[in-house]
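Below is one structure, written out as structure tokens; comments come after it.
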RNA sequence: GGAGAGAUGGCCGAGUGGUCUAAGGCGCACGCCUGGAGAGCGUGUUACCGCCUAAAGCGGUACGAGGGUUCGAAUCCCUCUCUCUCCGCCA
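Numbering (this note's numbering), first residue to last: 141 to 564.
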């Protein structure tokens, strides 16, 4: 959520920046500025009346203690009108405040100045690519056929147990999941991220803190009886560790990594794009999160991009890094880099990671601040996160790209984790 | 699931209707003292909103959350949330 300070006095700037995200903010911004002015006037009036009431009360107490009951009772009469007026004004103030909140919450985060204009993923800009493309003999099988052939994943059984989008991993398929998770966490740990293992369900406040609520509730599984939500990503519980916190500058950088299953309702399209592991309701992901000083958060973003890149390099997968255009960015992000791996059989790029700087957008909702060393004032911190990495599509590419006549080769870095170097 | 107790500032903890922003202690910051450190002494130490160009200053709000009673609520009443203890059940 943007701060009122960001909007007040910068309305043109805000409106123009949001155009990059194809968001027409002019109407809302004007409403906000108007309402904010009104709200402040109401508050000034209310405060002054409350001040009057307080001094009346003090005097009444004083008179009672002096035994001047008649005078006190006379003063009491004065407070009746005052109280009624204050009550009305307070009602107005509350109304204005919640109206204002409702408006501000609708504004997406401002995109960073480097964000390219564009409406769709086609307009994302490739930063660089790496890894080597596989040279496959004969016809490459898609991962869902490989998964069936080698009995790694049973989509039908997942269907039977739960429904579509909930695969059952079996044998070496299951072991491969664990191997990847452990590999990623170990790598992130060596890069200075502390491992945490958070709750997989969160309350409403947490959902709001990272921006899933309100608006995007349809994307999360909701447990109505307890009003809790299944996490769509570890970002939610991990970032919410810092809700309502005041950090010191010496605490920076805060670096956490977490493995969690992720649950997404998202009723996507059907057909080829969602076959096999391409889109699931439940999947595994290792996340990295950083809390940083605003002055250096973009260096941190770069550092996180390199961390994710190193994972893909070690797995020896062909990948590319995309600078997302305004239209393809998430609501809360100021700058996002997507990582895609090439799937040899499907002949397309699959997104396996998204690394973003949210600047103070989440911090404002979370009330995550730090004390500035020089000014001694409280300042909103910057939050960043990225997948390092999400498993399903990575596994898809891994299976497809490494298939041979003898079986599927496992990347060397995983051998210690899997205990086998080939699936056959 | 049953019974009971509780929630006060960064932490501990006092406070059962008025001068309570809230005693006392710890911690922290600064100063004095010291060769240096410690002890000791002194001073300071919540956040949010509003007024003010800003600072200073002033006003308002907040004692788990929300509502109520009252001229006045940390204190009384109602609802909710959470924590702890005991019993039961249990991975």
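Ideal Cβ positions, reconstructed from N, Cα and C, are used throughout, including at glycine.
Residue 232 and residue 188 have their alpha carbons spaced roughly 15 angstroms apart. The Cβ neighbour count for residue 424, taken over all protein chains shown within 10 Å, is at least 16; the residue is labelled buried. Between the alpha carbons of residue 551 and residue 444 lies a gap of roughly 23 angstroms. Residue 270 is bridged by DSSP to 459. Sequence-distant partners of residue 175 (beyond 5 residues in either direction) whose C-beta falls short of 8 angstroms from its own C-beta, in its chain, are 236, 239, 240 and 243. If only complete runs of 4 or more residues are kept, the region 339-396 shows the alpha helix (DSSP H) at 344-349 and 375-380, in order along the chain. Residue burial annotation: residue 544 is exposed, with fewer than 16 other C-beta atoms found within 10 angstroms of its C-beta. Annotation: residue 539 to residue 359 spans about 29 angstroms, alpha carbon to alpha carbon.
Every alpha helix (DSSP H) stretch that sits fully inside the region 199-245 and reaches 4 residues is listed by chain position as 209-244.
DSSP places residue 536 within a helical segment (H, G or I) once states are collapsed to three.
Under a 10 Å Cβ-count criterion, residue 272 is classified as exposed, with fewer than 16 other Cβ atoms of the shown protein chains found around its own Cβ. Within the DSSP bridge table, the entry for residue 401 names 424 as partners. Between residue 501 and residue 142, the beta carbon gap of about 7 angstroms places them in contact (Cβ cut-off 8 angstroms).
Bounds of any alpha helix (DSSP H) do not take in residue 479; it lies within the beta strand (DSSP E) bounded by 475-483. For residue 290, the closest alpha carbon among the candidates 314, 224, 451 and 156 is that of 314. Annotated three-state conformation of residue 300 is helix, per DSSP.
In this structure, the alpha-carbon of residue 184 lies about 20 angstroms from that of residue 149. Of the other Cβ atoms in all chains shown, 16 or more fall within 10 Å of the Cβ of residue 478; this residue is therefore buried. Taking one beta carbon from each stretch, the region 253-270 and the region 528-537 have fewer than 3 pairs nearer than 8 angstroms; the two do not touch. Uninterrupted alpha helix (DSSP H) stretches at least 4 residues long and entirely within the region 489-562 occur at 501-506, 531-541 and 555-558, given in chain order. The residue among 182, 209 and 214 with its C-alpha nearest the C-alpha of residue 226 is 182. Contact annotation: residue 427 and residue 398 have beta-carbon atoms nearer than 8 angstroms. DSSP places residue 334 in the uninterrupted beta strand (DSSP E) bounded by 334-336. Boundaries for residue 414: no alpha helix (DSSP H) harbours it, and the DSSP string shows neither H nor E there. For the 8 angstroms CB-CB criterion, residue 157 and residue 215 do not form a contact.
Counting along the chain, no alpha helix (DSSP H) covers residue 290, and no H or E run does either. It is roughly 54 angstroms from the alpha-carbon of residue 467 to the alpha-carbon of residue 221. Under DSSP, the beta-bridge partners assigned to residue 265 are 463. Of the other Cβ atoms in all chains shown, fewer than 16 fall within 10 Å of the Cβ of residue 302; this residue is therefore exposed. For the 8 angstroms CB-CB criterion, residue 464 and residue 497 do not form a contact.
Annotation for residue 548: 539, 542 and 563 place their beta carbon closer than 6 angstroms to its own, counting only its chain and skipping 5 residues before and after. Taking a contact as a CB-CB distance under 8 angstroms, the pair residue 462 and residue 267 counts as one, their CB atoms being some 7 angstroms apart.
Spanning the alpha carbons of residue 333 and residue 488 requires a straight line of approximately 32 angstroms. Of the other Cβ atoms in all chains shown, 16 or more fall within 10 Å of the Cβ of residue 395; this residue is therefore buried.
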